[in-house]
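In this text, residue positions in the sequence shown follow this note's numbering: the first is 29, and each later residue adds one.
Ideal placement from N, C-alpha and C gives every residue a C-beta, glycine not left out.
Note that this is a predicted model, so its numbers are computed, not measured.
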Amino acid sequence: MGINGATKQMSTLSERVLEALREKPNQKADALAKFLGAERSQINKLLYGPLRGQVVQNSTYQWSLSSASKSQDGSEDDANGFANTTLAKLCRYYLACLGYDESGVSAFQESKWDLDYVELSKLPATSNDLTHNEDARKLLQKKNKEQGRFELFLGYPVRIKEIQSSKSGWKGRVVEPILLFPIEAEPDGQLVIDLEFPIINQSAFKDLAKVSKDQVMNELALLEQELGIGIEGERPEIDEIAMRLQAIRGGWPWVDDIAPDASLDASGPLSEIRKSGIYNRCVVMLGERSPFTKGLETELRLLARLPKESYANTALGAWIDGREVKVSTEAQQSLIEVLPMNTEQRQAVITALTNQNTVITGPPGTGKSQVVTNLLMNAAWSDKKVLFASKNNKAVDVVETRVNALGSRPMLLRVGSKNYQSRLAELVMGLLSASSTPTEQADFEQ
Numbered sequence: 029m030g031i032n033g034a035t036k037q038m039s040t041l042s043e044r045v046l047e048a049l050r051e052k053p054n055q056k057a058d059a060l061a062k063f064l065g066a067e068r069s070q071i072n073k074l075l076y077g078p079l080r081g082q083v084v085q086n087s088t089y090q091w092s093l094s095s096a097s098k099s100q101d102g103s104e105d106d107a108n109g110f111a112n113t114t115l116a117k118l119c120r121y122y123l124a125c126l127g128y129d130e131s132g133v134s135a136f137q138e139s140k141w142d143l144d145y146v147e148l149s150k151l152p153a154t155s156n157d158l159t160h161n162e163d164a165r166k167l168l169q170k171k172n173k174e175q176g177r178f179e180l181f182l183g184y185p186v187r188i189k190e191i192q193s194s195k196s197g198w199k200g201r202v203v204e205p206i207l208l209f210p211i212e213a214e215p216d217g218q219l220v221i222d223l224e225f226p227i228i229n230q231s232a233f234k235d236l237a238k239v240s241k242d243q244v245m246n247e248l249a250l251l252e253q254e255l256g257i258g259i260e261g262e263r264p265e266i267d268e269i270a271m272r273l274q275a276i277r278g279g280w281p282w283v284d285d286i287a288p289d290a291s292l293d294a295s296g297p298l299s300e301i302r303k304s305g306i307y308n309r310c311v312v313m314l315g316e317r318s319p320f321t322k323g324l325e326t327e328l329r330l331l332a333r334l335p336k337e338s339y340a341n342t343a344l345g346a347w348i349d350g351r352e353v354k355v356s357t358e359a360q361q362s363l364i365e366v367l368p369m370n371t372e373q374r375q376a377v378i379t380a381l382t383n384q385n386t387v388i389t390g391p392p393g394t395g396k397s398q399v400v401t402n403l404l405m406n407a408a409w410s411d412k413k414v415l416f417a418s419k420n421n422k423a424v425d426v427v428e429t430r431v432n433a434l435g436s437r438p439m440l441l442r443v444g445s446k447n448y449q450s451r452l453a454e455l456v457m458g459l460l461s462a463s464s465t466p467t468e469q470a471d472f473e474q
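Okay, here's the thing in structure tokens:
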């Protein structure tokens, strides 16, 4: 097909897209593609290209005609989605603190030694596309040698930034991905890209946003909302996030148009680029960003968006508001002591079972894990649901081992990282298919 024929066909498809949105507004690109019998990449190319100005998109990636729908972005520009609550203010304070500490992910563009990034010729289409990529596996080996120092990320698009040493005057360039997706190595050797929650790289964002340090996290939350990150519903694809990012942040120094289906390295190696700006490139990169910080940021933003009525009657609500919660006067007379306790430990368990908030402290070796074990067993005996959590995995493992060793079936179900998920599935299936024996029934009644 000649150029004129292809142009005419694209023009016809453009008219069909507009007609489809006229008949049914608020459609996503994949829905339009299925309806019109086209590829999603073709539809996105039209929506972000020739049809731009005739269509608008909201933060859930739904398209409508600009003449028939008011863009949702206009109402979101002045709001970051945070509630006007004491909890939200506290979360925003902690987010601002994180903004000072987080350095982001970047790597030198050139090096005398091995680079900390590798280029990809095309954007991964699925979470498993890197499994057989030898260059990515070499970075994984380097990550493993450093014993927890590095994390592995997929980055797209990529910014080239000039830097200069204030001490020596040395000049050079760094590679900074704009969007980051963590990469994990499965036990079976597969490299899996976590596409569920994209990370906006603060190394690039702080400079591009041009705001003070204490405003970085607020601006970051606003951009995440505009990109639909963390919003309930269907997860947007990498290509759509990147194309929308360029559309809503057109003032950033874009050198390339975002073209996810193009050959990403066609214009030569990334290491040879000399002009600063944002490029339509994709890399796998080593970074020192802590996964704990990522999780903390996510949870703080979610908490900051909660309406007060959703947590007002919980222990968190009482603690945030400084309310004195009336203590139950009906102290539990008899406790199940699966592990021996002294008077102070016994009182700690009773207090925890009757008060809304209880703090139990003590130096190592004073029996805190014994208190927790007895507390969990007594809560279960009283038909209470319990979530036992700790920033220390070892502490959780110790308590789980102690509690589950007390009977023939587990009382606690261990959750957490992917390493525990297969074991959790086995335990749940075992519990659902099990039935108690007469001996177990007698032991329970005793």
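Helix, strand or coil for residue i? Go by DSSP, reduced to three states.
i       : result
Arg-351 : coil
Tyr-184 : strand
Ile-71  : helix
Leu-46  : helix
Val-400 : helix
Arg-277 : coil
Gly-122 : Rather than Gly, the amino acid found at residue 122 in this sequence is Tyr. Three-state DSSP puts Tyr-122 in a helix.
Ile-257 : coil
Pro-466 : helix
Val-133 : coil
Ala-448 : Residue 448 is actually Tyr in this sequence, not Ala. The answer is helix: DSSP assigns Tyr-448 an H, G or I state.
Ile-191 : strand
Val-244 : helix
Ile-266 : helix
Trp-141 : coil
Lys-412 : coil
Ser-338 : helix
Phe-110 : coil
Gly-393 : coil
Tyr-79  : Strictly speaking, residue 79 in this sequence is Leu, with Tyr absent from that position. In this structure, Leu-79 counts as coil in the three-state DSSP scheme.
Thr-519 : Residue 519 lies beyond the residue range present for the chain, which begins at 29 and ends at 474; the question has no answer from this structure.
Asn-406 : helix
Val-456 : helix
Arg-333 : coil
Met-439 : coil
If I follow the unbroken alpha helix (DSSP H) through residue i, where does it start and stop?
i       : result
Gln-373 : 371-382
Leu-219 : Premise fails: Leu-219 lies in the beta strand (DSSP E), 219-221, not in any alpha helix (DSSP H).
Gln-169 : 162-173
Val-427 : 421-432
In whole angstroms, what separates the C-alpha of residue i from that of residue j?
i       : j       : result
Phe-233 : Glu-190 : 15 Å
Ser-299 : Val-202 : 9 Å
Ile-206 : Arg-309 : 10 Å
Gln-169 : Asp-144 : 12 Å
Ala-153 : Ser-338 : 38 Å
Val-431 : Glu-365 : 12 Å
Glu-476 : Ala-48  : The structure shown does not extend to residue 476, since the chain is modelled only from 29 through 474, so no value can be given for it.
Phe-178 : Ser-461 : 42 Å
Gly-102 : Ile-276 : Note that Gly-102 scores a pLDDT of 39, beneath 50, so its modelled location is shaky and nothing firm can be said.
Leu-459 : Ala-135 : 49 Å
Asn-54  : Ser-410 : 50 Å
Thr-326 : Ser-464 : 42 Å
Leu-248 : Ile-228 : 8 Å
Thr-357 : Gly-390 : Because Thr-357 sits at a pLDDT of 49, beneath the cut-off of 50, its placement in the model cannot be relied upon, and the point is left open.
Gly-444 : Gly-81  : 46 Å
Gly-183 : Val-312 : 6 Å
Ala-116 : Lys-150 : 40 Å
Leu-273 : Ala-453 : 38 Å
I'd like to confirm the pairing. Which residues does DSSP put opposite residue i in its beta bridges?
i       : result
Gly-315 : Glu-179
Ile-211 : Leu-180, Ile-221
Arg-201 : Glu-190
Val-84  : Ser-92
Val-55  : It is worth fixing the name first, because residue 55 is Gln in this sequence and not Val. BP columns for Gln-55 point to Trp-91.
Gly-305 : Ile-188
Ile-227 : Leu-208
Trp-282 : Ile-306
Counting along the chain, where does the beta strand (DSSP E) carrying residue i start and finish?
i       : result
Lys-238 : Taken as a continuous stretch (DSSP letters only), Lys-238 belongs to no beta strand (DSSP E), as it is neither H nor E.
Leu-93  : 91-93
Leu-148 : 145-148
I'd like the list of long-range same chain contacts for residue i, defined as Cβ closer than 6 Å, with 5 residues on each side in sequence excluded.
i       : result
Tyr-448 : Arg-442
Leu-403 : Val-377, Ala-380
Gln-192 : Lys-199
Excluding sequence positions up to five away, which residues of its chain have a Cβ less than 8 Å from the Cβ of residue i?
i       : result
Gln-218 : Asn-156, Thr-159
Ser-99  : For Ser-99, the pLDDT reaches just 41, beneath the cut-off of 50, and the residue's location in the model is therefore unreliable, leaving the point undetermined.
Ala-111 : Ala-332, Arg-333, Leu-334, Pro-335, Lys-336
Thr-386 : Ala-376, Thr-379, Ala-380
Excluding the 5 residues preceding and the 5 following residue i in the sequence, name in chain order all residues of the same chain whose CB lies nearer than 7 Å to its CB.
i       : result
Glu-104 : Bear in mind that a pLDDT of 36 at Glu-104, under 50, signals an unreliable position, so the number given afterwards is only what the model happens to contain. These residues qualify, in order along the chain: Ser-87, Gln-253, Glu-254.
Ser-42  : Leu-74, Pro-78, Leu-79
Asn-406 : Leu-363, Ile-364, Val-377, Leu-381
Trp-280 : Leu-236, Ile-306
Phe-63  : Ala-48
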